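In this note's numbering, each residue carries its 1-based index in the sequence shown increased by 5.
Ideal Cβ positions, reconstructed from N, Cα and C, are used throughout, including at glycine.
Computed from a predicted structure; not experimentally measured.
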Amino acid sequence: MNRSHQPRTAVSGTIQLIGVPLDLGASRRGVDMGPSAMRLSSLVRQLERLGFTVHDTGNVVVPERASLGPDATAYLTAITAVCADLAARTAAAVGVGITPLVIGGDHSLAAGSVAGTASALHDRGQRVGLIWLDAHADLNTPDTSLSGNVHGMPVAHLLGRGNRALSSLSRAVPAVLPEHLVYVGLRDLDDAEKACIRELDIHAFTMRDIDERGLRAVMNEAVAIATTGTGGVHLSCDLDWVDPQEAPGVGTPVRGGATLREAHLAMEIIHDTGALLAMDLVEINPILDSRNATAELAAELVSSAFGRHIL
């Protein structure tokens, strides 16, 4: 019997579930209901079956759009405050060996969640590796963005670019170094993002790379990049990296994404490293979903990242 892919022991006995009902970074409404959809799914039950203790610490408080008025600057300020709260929570969890699982909400929240993981590692004299599973690079700044949507900017801020307040949430400066960042599944980028990837020599695997080389080879290389010279990995997963035929209920669907089995394999490979410190699962939009199917798929993928296996 082949046991060559037997997963390692789970990364932590305790998972802290943090909801972030944030849609201020996106133009399309609905992803603020993502945390509720995930809580209605089998997520907690599946993680408990794996032997984890799951502490659901509720939601980060997010202001209502109506209270902010029409000024886009107010949205950025509010998002920064949400991310600062989230950064404090993830830093505290990682600092005591608890694994934060952040459910969103739009992807702008990662400017906070990853900053917190980076802070906890900084306190140990270490750096964080970041694996970004997404159709989009989220590498714009307020100056380069064509839409002005902040959910297209978190990686730039984690790299120390863009808005000063949003890029200064971590005790590590910048929160992430370019050589410790790796994209997997890109297929929809702005010109400014392409230029930034080339300028900073960021490791970026597109869907063409997955088509040509296979998901296993790409993920093995991605893991090697994110774990070299770091104290562990923060995994940030936008469900739109999966093809919308499999995951229709997402904020910004793009055709041509990962298959269901490729998505599971990516998570299984990440778990096998034993290096996973924290995870984001974002951009679930129940308005566009059917019978909570996308949230259920997300729950299954999270379970694979935390050790569920076939044999």
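Check: From Val255, Ala98, His276 and Asp245, pick the residue whose C-alpha is nearest to that of Gly261; which is it?; Outcome: Asp245
Check: What is the DSSP secondary structure of Asp285, reduced to helix, strand or coil?; Outcome: strand
Check: Relative to the alpha-carbon of Lys199, which residue among Thr149, Ser241 and Asp216 has its alpha-carbon at the smallest distance?; Outcome: Thr149
Check: At a cut of 8 Å, does the segment 81-95 reach the segment 259-273 through at least three beta carbon pairs?; Outcome: no
Check: My parser needs the beta strand (DSSP E) runs of 3 or more residues fully inside the segment 165-210; what are they?; Outcome: 186-191
Check: Within 7 Å: the Cβ of Arg129 and any heavy atom of the ligand HEM?; Outcome: The ligand content of the structure shown is nil, which means the ligand HEM is not present either.
Check: Hey, quick one: how far does the beta strand (DSSP E) through Leu81 stretch, first residue to last?; Outcome: Premise fails: Leu81 lies in the alpha helix (DSSP H), Ala77 to Gly100, not in any beta strand (DSSP E).
Check: Tell me, to the nearest whole angstrom, how far the beta carbon of Arg313 is from that of Gln21; I am working on the premise that it is less than 8 Å.; Outcome: The Cβ separation is near 19 Å, so there is no contact.
Check: Could you tell me how far apart the beta carbons of Met224 and Val189 are, in whole angstroms, since I believe they sit closer than 8 Å?; Outcome: 7 Å
Check: Give the straight-line distance between the Cα atoms of Arg221 and Gly74, rounded to the nearest whole angstrom.; Outcome: 47 Å
Check: In its own chain, which residues sit with a C-beta less than 7 Å from the C-beta of Ala231, not counting the 5 before and 5 after it?; Outcome: Gly134, Leu135, Ile136, His185, Val187 and Val238
Check: Given this structure, state the Cα-to-Cα distance separating Glu226 from Met43, to the nearest angstrom.; Outcome: 30 Å
Check: Using 10 angstroms around the beta-carbon of Gly219, count the other beta-carbons present and answer buried if the total reaches 16, otherwise exposed.; Outcome: exposed
Check: Roughly how many whole angstroms lie between the Cα atoms of Ala93 and Leu126?; Outcome: 13 Å
Check: Do Ala140 and Asp4 come within 8 Å of each other at the CB atom, strictly closer than that value?; Outcome: This structure gives no information on residue 4, because the portion of the chain shown stretches from 6 to 316.
Check: Determine the direct distance from the alpha carbon of Ala123 to that of Asn145, and round the result to whole angstroms.; Outcome: 21 Å
Check: For Leu265, would you say it is in contact with chain B, using Cβ-to-Cβ distances shorter than 8 Å as the test?; Outcome: No chain B is present in this structure, which holds just one protein chain.
Check: With a 10 Å radius around its C-beta and 16 neighbouring C-beta atoms as the bar for buried, classify Arg132 as buried or exposed.; Outcome: buried
Check: Is the beta carbon of Leu91 closer than 8 Å to that of Val25?; Outcome: yes
Check: For the putative contact between Val181 and Val255, defined by C-beta atoms under 8 Å, what is the C-beta separation to the nearest angstrom?; Outcome: Actually they are not in contact, since the Cβ atoms of Val181 and Val255 sit about 24 Å apart, beyond 8 Å.
Check: How many whole angstroms separate the CB atoms of Gly39 and Asn290, which I take to be in contact at a CB cut-off of 8 Å?; Outcome: 7 Å
Check: Please say whether Ser47 and Glu273 have beta carbons closer to each other than 8 Å?; Outcome: no
Check: Identify every run of the beta strand (DSSP E) within the segment 29-76, keeping only runs that are complete inside it and at least 3 residues long; order them along the chain.; Outcome: 58-64
Check: Work out the CA separation of Ala142 and Ala369 for me, nearest whole Å.; Outcome: Only positions 6 to 316 of the chain appear in this structure, which leaves residue 369 out of reach.
Check: So is Glu288 buried or exposed if we call it buried at 16+ other beta carbons inside 10 Å?; Outcome: buried
Check: Just how far apart, CA to CA, sit Ile275 and Ala303?; Outcome: 15 Å
Check: Just the C-alpha distance for Pro105 and Gly130, rounded to the nearest angstrom, thanks.; Outcome: 20 Å
Check: Could you tell me the alpha carbon to alpha carbon distance between His269 and Val247, rounded to whole angstroms?; Outcome: 10 Å
Check: Just confirm the distance between the C-beta atoms of Leu293 and Pro253, as a whole number of angstroms; I'd bet it's less than 8 Å.; Outcome: 6 Å
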